[in-house]
């Protein structure tokens, strides 16, 4: 009799265990046994000792409480953060760190977006870059040295490959170095695969700046420059985290670039190692094409030209 | 007979421990709510938002929630089996070990020992302690049920048994890890598979810590405190089996639009929608139980705790499935809407029902009456207002965030930078802190009432007159 079950606790426990666990088998256990749940991008690499040490710090500080690491395949989300997340990107993440809340922005495509110096300065004081930011300051990570022996035991626990040189190189490095190294590798397996860019690069619509010399555009450009550019390139273009814009060197080579090259650099951004206008990038620069209109970009270029006295 | 007295002291111990950890968790909650709008309230390394938020969630889920569940389940189980616990000494040791574990848990989380799995942050040595605690609890509960002096198992016992089984499986599987030293481990699962395991756990930890145990309390204390029998036994049977069946299919609704295979997401969304039915089975059962005499809402102070509690459960279980749907998820997921949703469940349903249960238990084991119905009513209205303000504020700011993230200009560029969107949250985050203060005030009235009731009464040597009180 079915109603007997309410008088037989062992029977009740067994039946309820089965009823409770059916869904677990179908949605969790069975998929786990299939290759579908264990994809890996071909060029995804295990973390290096320094990167893993950084990831450990990311876990320890609970960064995933405010930052996600997964870009959803939604139009504005891909515009804001970059290519949507792929299943095969996370094969070495024990566990995943996708998070569940974006008090701060998503970090799935943070790797190579900014130079190392940007990250260090931002960790030290986020409000230097964004006065309204509510992120805690993490400058104190600079005062904590890494422990090579413990990093090695962590690499061993994960069975990630490493060399003795990589472990020795950790001596004297700080937790700040480690978390920056981790930031720079997050989400880079996808961009590497496409040989530089996943999104097609946008070419400048004109060779010459159509707003060159326009006083209104220059004034607007000055304001936009202050909001978007000065924190890295200096208030007068003198350079800081990013290179100087007024010393006649461009991308580490003597000689100015065309307006269209400026436009494409601002619109598309670039990463360390990319070749732009025949010159090799030595650090990353974020793309502004999804946030600034074409006219706004031309206005900024018009203003930069005034800084250069042109 | 003195067994009951001994067991009652264990029950009391768990209730007081739960209240203590509840206060710790709420104070940290207030602190981190201030950190959201005043970053100078982060004091590195131990008191930054990233470390403190997990102390808040673990402190309240495990310290307050599970502590109350242990104490109240011991109380209910003894009454429904008409006998003392089979292992009273074990229950007492359980109480001591529980407090030691929660204290160590808080310290380890402040120290940054964190597995990064939501609601399963504790590192492996503490995971082992948690499993031991749970086994001690299970042995006593099952042992007492096996040796019961009442043939039929009442509804609350079904939910207790389901809770004991489900939490054990969930906790052990999700915490499987490879240790890398005493204070660090790496999950056994990687990538999308680890995401699937984690949210199978994360969602169902909510299900089997914040739903089934609280329903066990509701089904026991609503009839007990009102004197009205549960409206429909048949409805409670249907609601129980369909709830525990459907729950564990739904975890992936936390992973909508992630790289997790679509079919798992879709299945989770479908079962989430189905869950409205069994959830509302209990809601309807509660309403119809009180329906013969709604004036009790006015005349009997505990009735309104239980009825408002089950009402928030009803709202929660409609809102949750709604959030699972893709078109809603893409707007509100990752926003402050979600903490708004969670806090309606925890501050509304869980805390109200648990507090009402404690209001019922404490005078019973102290052989007295509640100290002040007026103070209880003040408590009720303060937590109600605080919780409503909190949730509604967070829903508004969540929708705003989602809309700002999606807004585009006519030329196709994004209308707001991330920082512009964040800055617009500040007024709402101030409001949340204010709501939290109101809620905390309400809880202080609750604690005052409990302590004054204890002072007034005494645990009598004979705590049963012709049976268990």
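Protein chains in written order, with the numbering used here: chain A, 1 to 310; chain B, 1001 to 1469. Glycine included, every Cβ here is placed at the ideal spot set by N, Cα and C. Values in this document were obtained by computation on a predicted structure and should not be read as measured data.
Neighbouring residues, chain B, relative to residue i (Cβ below 9 angstroms)
i, result
"residue 220/A", "Per Cβ cutoff of 9 angstroms: no residues; residue 220/A is ~15 angstroms from chain B at best."
"residue 7/A", "1151, 1152, 1153"
"residue 235/A", "Ordered by position in chain B, no residue passes the 9 angstroms Cβ test against residue 235/A, which lies about 19 angstroms from the chain."
Residue nearest to residue i in terms of C-alpha spacing, selected from the options
i, options, result
"residue 1481/B", "1082/B, 1180/B, 1133/B, 1129/B", "Coverage of chain B is limited to positions 1001 through 1469, which leaves residue 1481/B absent and any answer about it impossible."
"residue 1307/B", "1260/B, 1355/B, 1333/B", "1355/B"
"residue 1194/B", "1260/B, 1097/B, 1143/B, 1160/B", "1260/B"
"residue 38/A", "1131/B, 1196/B, 1166/B, 1091/B", "1196/B"
"residue 1265/B", "217/A, 103/A, 23/A", "23/A"
"residue 1069/B", "1343/B, 1013/B, 1050/B", "1013/B"
"residue 279/A", "256/A, 292/A, 286/A, 301/A", "256/A"
"residue 177/A", "249/A, 124/A, 206/A", "124/A"
"residue 276/A", "253/A, 66/A, 166/A", "253/A"
"residue 1087/B", "1142/B, 1397/B, 1405/B, 1099/B", "1142/B"
"residue 1162/B", "1246/B, 1105/B, 1298/B", "1246/B"
"residue 1251/B", "1403/B, 1205/B, 1278/B, 1428/B", "1205/B"
"residue 1121/B", "1371/B, 1132/B, 1274/B, 1104/B", "1104/B"
"residue 13/A", "1165/B, 1038/B, 1258/B, 1148/B", "1165/B"
"residue 274/A", "251/A, 296/A, 259/A, 207/A", "251/A"
"residue 1309/B", "1039/B, 1343/B, 1338/B", "1343/B"
Range covered by the alpha helix (DSSP H) that runs through residue i
i, result
"residue 1313/B", "1301 to 1324"
"residue 1178/B", "Run containing residue 1178/B: none in the alpha helix (DSSP H); it sits in the beta strand (DSSP E), 1177 to 1179."
"residue 150/A", "148 to 158"
"residue 1470/B", "Since the first and last residues shown for chain B are 1001 and 1469, residue 1470/B lies out of range."
"residue 201/A", "Neither: residue 201/A is in no alpha helix (DSSP H) and is coded neither H nor E."
"residue 1075/B", "1067 to 1081"
"residue 1454/B", "1426 to 1456"
"residue 1159/B", "1155 to 1174"
8 angstroms Cβ cut-off: residues of chain C touching residue i
i, result
"residue 36/A", "Absence of chain C from the displayed structure is noted, the protein chains being A and B."
C-beta atoms of residue i and residue j nearer than 8 angstroms
i, j, result
"residue 1340/B", "residue 1272/B", "no"
"residue 89/A", "residue 181/A", "no"
"residue 160/A", "residue 231/A", "no"
"residue 1448/B", "residue 1350/B", "no"
"residue 1130/B", "residue 1171/B", "yes"
"residue 1315/B", "residue 132/A", "no"
"residue 1183/B", "residue 1078/B", "no"
"residue 1324/B", "residue 1373/B", "no"
"residue 1225/B", "residue 1285/B", "no"
"residue 17/A", "residue 71/A", "no"
"residue 1025/B", "residue 1049/B", "no"
"residue 204/A", "residue 302/A", "no"
"residue 1348/B", "residue 1387/B", "yes"
"residue 1357/B", "residue 1317/B", "no"
"residue 1215/B", "residue 1282/B", "yes"
"residue 1004/B", "residue 1057/B", "no"
"residue 112/A", "residue 271/A", "yes"
Where residue i meets chain B, residues with beta-carbon distance less than 8 angstroms
i, result
"residue 186/A", "Simply none; closest approach about 14 angstroms."
"residue 86/A", "1259"
"residue 26/A", "1249, 1267"
"residue 269/A", "Going along chain B, no residue has its Cβ under 8 angstroms from residue 269/A, so there is no contact; the nearest lies around 14 angstroms."
Chain A residues whose Cβ lies nearer than 7 angstroms to that of residue i
i, result
"residue 1291/B", "The premise fails here: residue 1291/B is roughly 25 angstroms from chain A at the closest Cβ pair, so nothing lies under 7 angstroms."
"residue 1186/B", "94, 157, 158"
"residue 1118/B", "100"
Extent of the continuous beta strand (DSSP E) run through residue i
i, result
"residue 1185/B", "1185 to 1187"
Integer Cβ distance of residue i from residue j, believed to fall under 8 angstroms
i, j, result
"residue 94/A", "residue 158/A", "6 angstroms"
"residue 1433/B", "residue 1033/B", "5 angstroms"
"residue 1289/B", "residue 1222/B", "6 angstroms"
"residue 1137/B", "residue 1203/B", "About 22 angstroms separates the two Cβ atoms, so there is no contact after all."
"residue 65/A", "residue 101/A", "7 angstroms"
"residue 1236/B", "residue 1366/B", "Not quite, the Cβ-Cβ distance comes to about 31 angstroms (not below 8 angstroms), so this is no contact."
"residue 1393/B", "residue 1329/B", "Not a contact, Cβ separation roughly 21 angstroms."
"residue 1398/B", "residue 1311/B", "22 angstroms between Cβ atoms; not a contact."
"residue 69/A", "residue 202/A", "No, residue 69/A and residue 202/A are not in contact; Cβ-Cβ is about 26 angstroms, not under 8 angstroms."
Any non-hydrogen atom of the ligand ZN closer than 7 angstroms to residue i Cβ
i, result
"residue 124/A", "Ligands in the displayed structure: none, and consequently the ligand ZN is not present."
Where residue i meets chain B, residues with beta-carbon distance less than 7 angstroms
i, result
"residue 130/A", "1419"
"residue 76/A", "1405, 1406, 1408, 1414"
"residue 19/A", "1241, 1244, 1245"
Within chain A, the residues that residue i reaches when beta carbons sit closer than 8 angstroms
i, result
"residue 1330/B", "72, 74"
"residue 1053/B", "62, 65"
"residue 951/B", "In the structure as shown, chain B begins at 1001 and stops at 1469. Residue 951/B is therefore absent and cannot be evaluated."
"residue 1427/B", "The contacting residues do not exist; residue 1427/B stays about 13 angstroms from chain A at best."
"residue 1145/B", "9"
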